[in-house]
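Novice: One point on numbering: in this note's numbering, the residue at position 107 of the sequence shown is 169, and numbering is uninterrupted.
For glycine and all other residues, C-beta sits at the position ideal for the given N, C-alpha and C.
Just so we're clear, the structure is a prediction, and the values are computed from it rather than from any experiment.
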Amino acid sequence: MKGAPVVAPPPTPEGFATTPTARPGIRPFPEAASVNVGIETSLGPITIALETERAPVTAGNFLRYVEEGRLDGTNFYRAVRMPGGPQPGGLLQGGTRGDPARVRPGIAHEPTSQTGLSHTHGALSMAMNEPGTATGDFFIMIENQAGFNADPAAADPAWRAGFAVFGYVVEGMNVVAAIHAAKRDPDAGEGVMKGEMLSQPVKIISARRLSAPSPLPAPSPQSP
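#1: Check whether the Cβ atoms of SER180 and ALA217 lie closer than 8 angstroms to each other.
#2: Look at the Cβ atom of ALA269, then the Cβ atom of VAL97, and state whether they are nearer than 8 angstroms.
#3: For ASP247, which of MET259, MET255, GLY253 and VAL238 has the nearest alpha-carbon?
#4: Less than 8 angstroms between the CB atoms is what I'm expecting for PHE91 and ALA239, so what's the real figure, rounded?
#5: Could you name each continuous beta strand (DSSP E) segment of 3 residues or more that falls completely within the region 94-127, going from the start of the chain to the end?
#6: Can you list, in chain order, the residues of its chain with a C-beta nearer than 6 angstroms to that of LYS245? Leave out the 5 residues immediately preceding and following it.
#7: Beta-carbon separation of GLY229 and LEU112 under 8 angstroms?
#8: Suppose contacts are defined by Cβ-Cβ distances below 8 angstroms. Is ALA141 in contact with VAL227 by that definition?
#9: What are the start and end residues of the alpha helix (DSSP H) that includes VAL165?
#10: Taking the alpha carbon of ASN137 as the point to measure from, which residue in GLU102, ALA163 and GLY122 has its own alpha carbon closest?
#11: Please work out which residues of its chain come closer than 8 angstroms, Cβ to Cβ, to PRO214, disregarding the five sequence neighbours upstream and downstream, and give them in chain order.
#12: For a test of your reading of the model: does the CB of PHE138 fall under 7 angstroms from any non-hydrogen atom of the ligand FMN? Yes or no.
#13: For HIS242 and LEU154, what's the separation of their Cα atoms in angstroms?
#14: By how many angstroms is the C-alpha of GLY257 removed from the C-alpha of VAL237?
#15: Report yes or no: is there a C-beta of chain B within less than 8 angstroms of the C-beta of VAL97?
#16: Any idea if VAL128 is buried or exposed, counting beta-carbon neighbours within 10 angstroms, 16 or more meaning buried?
#17: Is ALA208 helix, strand or coil by DSSP?
#18: Specify the secondary structure class of ILE88 as computed by DSSP and reduced to three states.
#19: From THR114, ARG164 and PRO150, pick the residue whose C-alpha is nearest to that of LEU133; which is it?
#20: Buried or exposed for VAL254, going by 16 or more other Cβ atoms inside 10 Å?
#21: Going by DSSP, which residues form a beta bridge with GLN176?
#22: What three-state label does DSSP hand GLY77 in the structure shown?
#23: Do you know whose CA, among THR177, THR182 and ILE202, lies nearest GLY157's CA?
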C-alpha cells in the first residue's frame with residue numbers, strides 16, 4: 063500500500079526573506095515619493111511609497127481608496143508568472159476586483175511617458191481595461207517589466223498608452239514574493255487570466271496611510 067502523497071507546505075514570507083526577489087522596489091526618484099501606505103495582509107505587512115508628485119492623479123486615487131477604507135477586506139487574487147528574464151518574474155494583482163460597492167469612477171490615465179516612472183521591480187501600477195478605466199485594482203511588479211511602460215511606437219493603442227505606475231514597495235517584497243508563489247487554480251479565471259487566479263486569495267486586512275518618518279538630526283559639527 064502506497065503512503066499518502068507528500069504535500070508541500072505553502073510558501074511563507076520567511077522563506078523569501080533572503081532571496082533577490084525580497085529586495086525593495088527600484089525607485090527611479092526615491093526622494094519624490096511623499097506618502098507611505100502600509101498594507102496589512104494575512105501573510106504579513108507591505109509598505110509602499112506613493113509618487114504623489116510625479117503621478118498625482120493615480121497616486122491620489124489610490125490614497126483615496128485607502129483613506130475611505132475601500133481596500134480593507136479585499137484580496138490579492140492573481141499571480142502572473144512571465145517566462146524569460148530573471149525568475150521568478152511577473153506580477154501580483156489585488157484590490158476591489160470590480161466590486162460595485164467599493165469602486166469609484168475611472169480616472170484619467172497618467173502614462174509613464176508623462177510621469178517618467180517605470181515598471182521596475184516593486185513598482186505599483188493600476189490595472190485597467192483601457193486608458194481612463196482604472197479604479198481600485200492594482201498590481202505589483204516582480205522583477206523589471208519595461209514592456210508595461212508606454213510605447214509610442216506600438217501598433218496597439220493600449221500598449222501605446224501602457225500602464226500607470228504610481229508607487230513602489232519599500233518594505234515587504236518577501237511577502238509579495240510569497241503570495242506570488244502561492245498555488246494557482248488552473249481552471250479559474252477567464253480569457254488571458256485563466257490559470258492565473260490564486261487557489262486561496264490572500265486577504266488585504268487593511269491599508270492605512272502611515273505617518274511621515276521623522277527627519278534625521280543635523281550632523282554635529284566636527285571638532286577642529
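Specialist: So, from the listed chains and residues:
#1: Sequence index remark: in the sequence shown, residue 180 carries index 118 (1-based). Sequence index remark: in the sequence shown, residue 217 carries index 155 (1-based). Contact check for SER180 against ALA217 fails: the beta carbons are separated by 8 angstroms or more.
#2: Within the sequence shown, the letter at position 207 stands for residue 269. Within the sequence shown, the letter at position 35 stands for residue 97. No, the pair does not count as a contact, with Cβ atoms beyond the cut-off.
#3: As a first step, residue 247 is located in the sequence shown; it is residue number 185 there, counting from the start. The shortest C-alpha separation from ASP247 is found at MET259.
#4: Position 29 of the sequence shown, counted from the start, is the residue given in the question as residue 91. Position 177 of the sequence shown, counted from the start, is the residue given in the question as residue 239. Between the beta-carbon of PHE91 and that of ALA239 there is about 24 angstroms, and that puts the pair past the 8 angstroms contact cut.
#5: Qualifying beta strand (DSSP E) stretches, in chain order: 97-103 and 106-112.
#6: As a working note, residue 245 is residue 183 in the sequence shown. The answer, listed in chain order, is SER261.
#7: Sequence index remark: in the sequence shown, residue 229 carries index 167 (1-based). Sequence index remark: in the sequence shown, residue 112 carries index 50 (1-based). Cβ distance < 8 angstroms, so GLY229 and LEU112 count as in contact.
#8: Start at 1 with the first residue of the sequence shown, and residue 141 comes out as number 79. Start at 1 with the first residue of the sequence shown, and residue 227 comes out as number 165. No, the Cβ-Cβ distance between ALA141 and VAL227 is not below 8 angstroms.
#9: Translated into the one-based positions of the sequence shown, residue 165 becomes position 103. Premise fails: VAL165 is in no alpha helix (DSSP H) and is neither H nor E.
#10: Looking up residue 137 in the sequence shown gives position 75. Here the closest residue by C-alpha is GLU102.
#11: Walking along the sequence shown from the start, residue 214 turns up at place 152. Same-chain partners within the cutoff: SER175 and ARG222.
#12: This structure lacks the ligand FMN; in fact it carries no ligand of any kind.
#13: The residue given as residue 242 occupies position 180 in the sequence shown. The residue given as residue 154 occupies position 92 in the sequence shown. Taking the straight line from one Cα to the other gives about 6 angstroms.
#14: The residue labelled residue 237 in the question sits at position 175 within the sequence shown. The residue labelled residue 257 in the question sits at position 195 within the sequence shown. In this model, VAL237 and GLY257 are separated by some 21 angstroms (Cα to Cα).
#15: You won't find chain B in this structure, because it holds only one protein chain.
#16: For the purposes of this step, residue 128 is taken as the residue at position 66 of the sequence shown. The Cβ neighbour count for VAL128, taken over all protein chains shown within 10 Å, is at least 16; the residue is labelled buried.
#17: What you label residue 208 is simply residue 146 of the sequence shown in a count that begins at 1. Three-state result, ALA208: helix.
#18: Here residue 88 is taken as the residue at index 26 of the sequence shown, counted from 1. It is coil, neither helix nor strand.
#19: Residue 133 sits at position 71 when you count from the first residue of the sequence shown. Comparing Cα-Cα distances from LEU133 to each of THR114, ARG164 and PRO150, the minimum goes to ARG164.
#20: Position 192 of the sequence shown, counted from the first residue, corresponds to residue 254. Exposed, by the Cβ-count rule.
#21: Stepping through the sequence shown from its first residue, residue 176 is reached at position 114. Partner(s): none; GLN176 has no beta bridge.
#22: Position 15 of the sequence shown, counted from the start, is the residue given in the question as residue 77. Correct three-state label for GLY77: helix.
#23: Within the sequence shown, the letter at position 95 stands for residue 157. Measuring from the Cα of GLY157, the nearest candidate turns out to be ILE202.
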